[in-house]
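A.B. asks: First, the structure itself, so that you have it in front of you.
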Amino acid sequence: MPPIHVLVVDDEDVVCSNVIAFLEDEGFDVVSASSGEKALDIIASKKFDVGIMDMRLPGIDGNTLILKSHELQPDMKFLIHTGSTNYNLPRALTDIGLSENNIFQKPLIDMGVLVDAIQKLVKGNNI
Amino acid sequence: MKKNNSHTSRNFEESEFQAQYFLQHADDYIYRLNAQGIITYCNPAVERILKLPREDIIGKNYLEFVHPDFREEIVHHHLSQWEKGLPSTHSEFPVLTKDGSDVWVEQIVQVIQEGNTTTGFQAIGRDITRRKHTEDLLKNKNDFLSSLHETTLALIHRLDTGDILRIITDRSAALAGTGHVFAALIDKPGTPPVIRSASGIFTGHIGKTLPPEETVTDKVLTEEEPFVHTDYTNSRTKLPWDQCEHITVFAEIPFKAGPSLSGIIGAAFLGTEHNFERESIQYLNQLGQIASIALENARLFSNGQREIARRMEIEQELRNSRSNLADIINYLPDPTFVIDNDGTVIAWNNAMEDLTGVSEKVILEKGNHEYSLPFYRDRRPMLIDFALENNTHEKDTYGEIKADRDTLIAEIYIPFLGAGGTYLWEKAKPLYDSYNNIVGAIETVRDLTDRKKAEENLRSITQQVIRNQMALNSISRFDNTDLDDFLGKVTETASTTLHTERVSIWFYNGDRSELICADMYIAGENSHKQGIVYTSNQFRDYFRAVESHRIITAPDALTDSRTSEFAGPVFGPEHISSVMDVTIRMSGKVVGVLRHEHSGSRRDWSLEEQDFATSVSDAIALALASNERKAAEDALQEQKQFTENLIQNSALATIVIDNTHRVMLWNKACEILTGIPASEMVGTDNQWKAFYTAKRPTLPDLMIDDLTSDLGKYYDVFSKSVLTSSGWHAEGWYKNLGGMDRYILFEATPITNNNGEVIAAIENIQDITALKITQEEVMRIRSYLKNIIDSMPSIIVGVDTNVHITHWNLEAEKAAGISEEHARGRLLTELLPELRPQLNTIETAMRMKCAQKVERIHKTRDSGPQWLDIMVYPLIEDNVLGAVIRIDDVTSRVRIEEMMVQTEKMMSVGGLAAGMAHEINNPLGGILLGAQNIIRRISPDIKQNIIAAEQCGVSIESVRSYMESRNIIHMIQGIREMGERASKIVANMLSFSRQSGTKFTHADLGELINRTIDLAANDYDLKKKYDFRHIAITKDFSSDLPAVYCVETEIQQVILNLLKNSTQALGESAVSGKTPHIILRLRKNDENAVIEVEDNGPGMEEEVRKRVFEPFYTTKEVGTGTGLGLSVSYFIITNNHRGSMEVSSVPGTGTCFTIYLPIQRRNE
């Protein structure tokens, strides 16, 4: 089984590194980026299955990031990992297949929910 | 009678004569008996018959010579004759002769009387032996004729009717040849015949009347001819008696004596063989005639006998009373005298003596007109003489003589007799003896002088009286309306009638000190005067006399003490000599005087004149009274008219009806009110027309008939009048009266007369439509206001200045549980004690005339706390004092406000939280993620761990055991827990700021609650600290609740929170005896789902309860619980779900949380 490629984007290093550690332990191929620009660079050169995006980023915000990423890799799936309690999915994102089930609230008590969601997305099922 | 007398006398004399004749010459024998029946005399015929010499006959008792068989009959016969006094009787008997041969004699015996006594008998008779023989032998009718003759003779002498009848029947029987005969007599002309004697079959019918129509044909009675019914069996007119049916032939022979029928002889044959012979009828006819004569004789005799007896009595009396005549005549009150044929005075009574002064002794036996001397001083015939002569034509002396048969009456005036002449009245009559011969004359004389004079007097008085009466009549007819005119006429009439010089009428003045002349008529001048005044001072005695006398007659007016005072001033100048004054009286009081003054010589006022004057004064009084009455009547009429005008013009519509229900009065105001003119009403009983379409009693009608018990039938509203004692009041709406509906008041009263009888009824009618409408409007407004006030949700109470209740609306009734009528007048704080602390406020408001408001007054009720707002509005009108107090229950508003405050608080917390949450979540995320990774990376489950450990020269197990021995794993777990908790807090806080609309579904709340209960049972916290499973859970879920639009997780969160709280509360207070109990209820309430979570824990004080939804408000000790649970729950329900949540708690009893969730999504 080919490894699943996941991109984790978060400006908080602690969050980022912990999520990567967990996913690596779960056997995923994980790359991290600390900003949206950096992430796009990486996406431009590497193929990913799923991207786990934080919404509050220093440069471009999470919504734009996802859209741009989608442009670069239309097959790429996305999960939103945000600390914002009042985040609403914009129309553009729902157009590309995202729903509320793609949103995960920080703090995650159990990162296992990410794993479940990644696996579902990769299988082609909606979450 | 005289005729009969002489007739009978003649018969008697004839008989006597015959007797005398026979005595001497006859073949007939004659003898005499004395009273004892001894024969004292006999004539030669006797000797011849008896064949005895007279010496052998005289001195013997006659019976010796009578056949022994007949002696008894004869004795009886003669005794009867003696007793009856029959002067003559007839008998037939056989005598005893010397040689014993049969000798039949027929004799007539007469009674000899001397004076009144019977002294003997005289008998005449003859030998009828041969005849008897012949009779026996001869059935030959021819010989019968002679016997008929003898019969005649026999009959003629009979004077006894019975004898006669017997002879008739016997002879008839013999003559007819039949034994069946009767003789019927007609007693009175025109009456039917009665059978008096009969033989044969008729014997039993003696005494019966022959009814003319049935038995005796009219022919016999009317034609008075005999008639023979030869075919009697078929005759119409059969006798109806016994045995008469056998009659075959029947004859009727009438007989009469004098002008009319005496009777009928009837003879009958029975059987068919017999018939009457022609001669028989003739004989019977003749017999009848003879019988008639004999009967007539007998009748005459008995009449004559009576007449004789009577005459004898009279003669005897006359004889005896000759001496009494004088006594009788003497006793006569009128002067009476009697003269005989010679003109001799034979009687002269005492009155005559008194009249003439001539005594009886002197004038008795005197003739030659001695009696005229006292009268005429002259011997001349007086009326008595003319009576004696039966001369009624003598006119010289007497002028007119009135004659009544033989009685003469005349009057004569003898001027020289007595003083002033004498009127004599004479009545004279002849006297007769028993033979109607004038034997004298009797005259009565009366001295009429006094009487005549009295008559004259009376005549003149009568004339005067008549004149007076006529005058009085004319006075009474005078019209007395003009009193002065009347009085003038009276004085004039009185003067004329009594021929008085002056007549005047005087009246007292007011104090009776003066008599004022109303009118005086002076005959001589034919003039009237008025105005003279007599004062009581002037004529004291007179005034006094007037008071005490009804009439003052003063023939000598100048000297009469009563009138003398007038002598000088009044009488003298006018030459008045006599005065008659009559007082005029009214109602027993003297009001004036009627004065007659006579001038000239003294005049005695006669009684008639006094009467006249009295009558005139009465007439005056009457006229006065009448005038007064009239004046009174006029006044009364005026008053009546005034009263009527009053009523007519009164502004109040008035009707008066009389006790026959007719309208007497219908005033102007009534005309206007009813629109009906009086002319259509007065006199009719149409008063109902004014108000009703059909005839029915009006209120005054009911008064008249005293039918107040029927008032309810006719009027809806009625009552006894408050204005009158006996009147009644009624009122009501009357449709379409004068074009609109009107409200009419009726007030009616009966009117009674002095006897208490109802004579009329009066009714006042008032149209108070406008007033009524206004009243009803007022009522309606009041009612409307009351409705408004009652329908207000506030308690509205009116009080007076003493805080006593004047008004009490519906809400107040409900709140206090006391009705308005019981509340009125009571002290407000008695009924609403919660206001006691506010009394001051109330009074201040009223005093300061300034509204006061007190808000949020807390009141504890069994159902929970209550808040009231009290507003006191003083009444500020000057004349209305007091206040209106409005109390509003603001409990729910307070709650809502509380909720809002809570929500505000929460929202602010939420806002805070929202800002902070994100900042905290990140670091928290780092902590939790790290902790999780650490725990994972020391686990042998992950392959990379094993590889990495080996690369370090250790086993993962030894790394792990080192971590365990040094408790590092526990520490890291602790970090994880704390981080988790922090994260929850933030999440909770964040929930305050989250928008609604996310994750809403239609959820089955019942199932949700069940899941939540399971959750609660598994909750770690609960397990550890509080034993949820020891709590009794009761579920009361209504089945009619549909799916509710909500966020399931959030609702779960809320329910869980409530369960936790309850569990905690129940666990803390383990009240002995009370089983911890949580009740979960779910029901539908209109558009809401209602969830209740109730426990029987210790409950909360109000202070606590108030703040229980406050964020961070906790009663728990520091460290346990954050105090956020309920506030978050509250927020979820109220903000996110647009529902409501409340809590009620009773300390010591328990707590109940109630959640209201709208079932459907609310459109915002």
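Protein chains in written order, with the numbering used here: chain V, 400 to 526; chain F, 4 to 1167.
Quick reminder that beta carbons are idealized off the backbone N, C-alpha and C, glycines included.
Bear in mind that the values here come from a model prediction, so they are computed numbers and not experimental data.
Use the C-beta contact count for residue 1062/F: other C-beta atoms within 10 angstroms, 16 or more gives buried, fewer gives exposed.
C.D. replies: Here residue 1062/F refers to the residue found at position 1059 when the second sequence is read from its first residue. Buried, because 16 or more other Cβ atoms sit within 10 Å of the Cβ of residue 1062/F.
A.B. asks: Assign residue 752/F to buried or exposed, taking buried as 16 or more other Cβ atoms, counted over all protein chains shown, within 10 Å of its Cβ.
C.D. replies: Counting from 1 along the second sequence, the entry for residue 752/F is found at position 749. Buried, since its Cβ has 16 or more Cβ neighbours within 10 Å.
A.B. asks: So which residues on chain V does residue 983/F lean against when the C-beta distance must stay under 9 Å?
C.D. replies: Position 980 of the second sequence holds residue 983/F. The contacting residues are 506, 508.
A.B. asks: For residue 1168/F, would you say it is in contact with chain V, using Cβ-to-Cβ distances shorter than 8 Å as the test?
C.D. replies: Here chain F has residues from 4 to 1167 only, and residue 1168/F is not among them.
A.B. asks: Is it a yes or a no for the segment 536-551 of chain F touching the segment 564-582 of chain F, going by three-plus beta-carbon pairs under 8 Å?
C.D. replies: Output reads yes: the segment 564-582 of chain F touches the segment 536-551 of chain F.
A.B. asks: Cβ-heavy atom distance between residue 922/F and the ligand NAP below 7 Å?
C.D. replies: For the structure depicted, the ligand NAP is absent and the ligand set is empty, with no information on it obtainable.
A.B. asks: So, at 6 Å on beta carbons, what are the nonlocal neighbours of residue 792/F in its own chain, with the 5 sequence-adjacent residues on each side left out?
C.D. replies: Your numbering for residue 792/F matches position 789 in the second sequence. Closer than 6 Å at the Cβ level, and outside the excluded window around residue 792/F, lie 799, 812.
A.B. asks: Can you tell me which of the three DSSP states residue 259/F falls into?
C.D. replies: The residue you call residue 259/F lines up with position 256 of the second sequence. The answer is strand: DSSP assigns residue 259/F an E or B state.
A.B. asks: Identify each residue in the segment 478-489 of chain V for which the Cβ-Cβ distance to at least one residue of chain F is less than 8 Å, and report them in chain order.
C.D. replies: Within the segment 478-489 of chain V, the residues whose Cβ lies closer than 8 Å to some Cβ of chain F are 482, 483, 484, 485, listed in chain order.
A.B. asks: DSSP on residue 505/F, reduced to helix/strand/coil?
C.D. replies: To locate residue 505/F, count along the second sequence from 1; it is residue 502. Three-state DSSP puts residue 505/F in a strand.
A.B. asks: List the residues of chain F that residue 420/V touches, going by C-beta distances under 8 Å, in chain order.
C.D. replies: For this step, residue 420/V is matched to residue 21 along the first sequence. Neighbours of residue 420/V on chain F, chain order: 936, 940.
A.B. asks: Does the beta carbon of residue 411/V come closer than 8 Å to any beta carbon on chain F?
C.D. replies: Indexing the first sequence from 1 puts residue 411/V at position 12. Yes - at least one Cβ of chain F is within 8 Å of the one on residue 411/V.
A.B. asks: Whole angstroms is fine: what's the gap from residue 4/F's alpha carbon to residue 440/F's?
C.D. replies: Here residue 4/F refers to the residue found at position 1 of the second sequence. Here residue 440/F refers to the residue found at position 437 of the second sequence. Low confidence applies here, because residue 4/F scores a pLDDT of 44, under 50, leaving its location unreliable and the question unanswered by this model.
A.B. asks: Please report the straight-line C-alpha distance between residue 417/V and residue 472/V, rounded to a whole angstrom.
C.D. replies: Stepping through the first sequence from its first residue, residue 417/V is reached at position 18. Stepping through the first sequence from its first residue, residue 472/V is reached at position 73. Spanning the two alpha carbons is a distance of roughly 25 Å.
A.B. asks: Tell me the DSSP secondary structure of residue 944/F in three-state form.
C.D. replies: Here residue 944/F is taken as the residue at index 941 of the second sequence, counted from 1. Correct three-state label for residue 944/F: coil.
A.B. asks: Start and end of the alpha helix (DSSP H) containing residue 584/F?
C.D. replies: Taking the second sequence and counting its residues from 1, the one referred to as residue 584/F is at position 581. From DSSP, residue 584/F is part of no alpha helix (DSSP H) but of the beta strand (DSSP E) over 579-589.
A.B. asks: What are the boundary residues of the beta strand (DSSP E) that residue 556/F is part of?
C.D. replies: Position 553 of the second sequence holds residue 556/F. Residue 556/F -> beta strand (DSSP E) spans 554-557.
A.B. asks: So, residue 451/F versus residue 427/F, is the Cβ gap smaller than 8 Å?
C.D. replies: Locating residue 451/F in the second sequence gives position 448, where the first residue counts as 1. Locating residue 427/F in the second sequence gives position 424, where the first residue counts as 1. Yes, they are a contact pair.
A.B. asks: Report buried or exposed for residue 1106/F, applying the criterion of at least 16 other Cβ atoms within 10 angstroms of its Cβ.
C.D. replies: The residue you call residue 1106/F lines up with position 1103 of the second sequence. Residue 1106/F is exposed by the Cβ-count criterion.
A.B. asks: What is the DSSP secondary structure of residue 249/F, reduced to helix, strand or coil?
C.D. replies: What you label residue 249/F is simply residue 246 of the second sequence in a count that begins at 1. Three-state result, residue 249/F: helix.
A.B. asks: Applying the 10 Å Cβ sphere with the 16-neighbour rule, what's the burial state of residue 504/F?
C.D. replies: As a first step, residue 504/F must be located in the second sequence, where it is residue number 501. With 16 or more Cβ atoms within 10 Å of its Cβ, residue 504/F is classed as buried.
A.B. asks: With DSSP collapsed to three states, give me the class of residue 225/F.
C.D. replies: One-based indexing of the second sequence puts residue 225/F at position 222. Three-state DSSP puts residue 225/F in a helix.
A.B. asks: Name the chain V residues that come within less than 7 Å of residue 945/F, Cβ to Cβ?
C.D. replies: In the second sequence, counting from the first residue as 1, residue 945/F sits at position 942. What residue 945/F touches in chain V: 424.
A.B. asks: Please give me, in chain order, every unbroken run of the beta strand (DSSP E) with length at least 3 that falls completely inside the segment 708-732 of chain F.
C.D. replies: Whole beta strand (DSSP E) segments, 3+ residues: 720-723.
A.B. asks: Can you tell me whether DSSP reads residue 3/F as helix, strand or coil?
C.D. replies: Since the displayed chain F opens at 4 and closes at 1167, residue 3/F lies outside it and no answer follows.
A.B. asks: Just the chain V side, please: which residues come within less than 8 Å of residue 815/F by C-beta, in chain order?
C.D. replies: Here residue 815/F is taken as the residue at index 812 of the second sequence, counted from 1. By Cβ distance, chain V contributes nothing, its closest Cβ being about 52 Å from residue 815/F, past 8 Å.
A.B. asks: Tell me the residue span of the alpha helix (DSSP H) that contains residue 745/F.
C.D. replies: Here residue 745/F is taken as the residue at index 742 of the second sequence, counted from 1. No alpha helix (DSSP H) contains residue 745/F, which is instead part of the beta strand (DSSP E) from 743-755.
A.B. asks: Residue 512/V touches chain C at which residues, Cβ-Cβ below 7 Å?
C.D. replies: No chain C is part of this structure, whose protein chains are labelled V and F.
A.B. asks: Measure the C-alpha to C-alpha separation of residue 164/F and residue 35/F and round it to an integer number of angstroms.
C.D. replies: Counted from its first residue, the second sequence places residue 164/F at position 161. Counted from its first residue, the second sequence places residue 35/F at position 32. Their Cα atoms are separated by approximately 25 Å.
A.B. asks: Using the Cβ count rule (16 or more neighbours within 10 Å means buried), how would you classify residue 110/F?
C.D. replies: Locating residue 110/F in the second sequence gives position 107, counting from the first residue. Under this definition residue 110/F is a buried residue.
A.B. asks: Output needed for residue 1170/F: all residues of its chain with C-beta closer than 8 Å, excluding positions within five of it in sequence on either side, in chain order.
C.D. replies: The structure shown does not extend to residue 1170/F, since chain F is modelled only from 4 through 1167, so no value can be given for it.
A.B. asks: List, in chain order, every chain F residue whose beta-carbon is nearer than 8 Å to that of residue 414/V.
C.D. replies: In the first sequence, residue 414/V corresponds to position 15, counting from 1. Chain F residues near residue 414/V: 925, 928, 929, 932.
A.B. asks: Does DSSP classify residue 852/F as helix, strand or coil?
C.D. replies: Here residue 852/F is taken as the residue at index 849 of the second sequence, counted from 1. Residue 852/F falls in the coil class under three-state DSSP.
A.B. asks: Please determine, among 485/V, 474/V, 481/V, 508/V, the residue with the shortest C-alpha to C-alpha distance to residue 520/V.
C.D. replies: As a first step, residue 520/V is located in the first sequence; it is residue number 121 there, counting from the start. When each option's Cα is compared against that of residue 520/V, the closest is 474/V.
A.B. asks: I'd like to check one pair, residue 749/F with residue 773/F: are the Cβ atoms closer than 8 Å?
C.D. replies: As a working note, residue 773/F is residue 770 in the second sequence. As a working note, residue 749/F is residue 746 in the second sequence. Not a contact, by the Cβ cut-off of 8 Å.
A.B. asks: Since residue 945/F and residue 966/F should fall inside the 8 Å C-beta cutoff, what is the C-beta to C-beta distance between them, to a whole number of angstroms?
C.D. replies: Translated into the one-based positions of the second sequence, residue 945/F becomes position 942. Translated into the one-based positions of the second sequence, residue 966/F becomes position 963. Residue 945/F to residue 966/F, Cβ: 15 Å. No contact.
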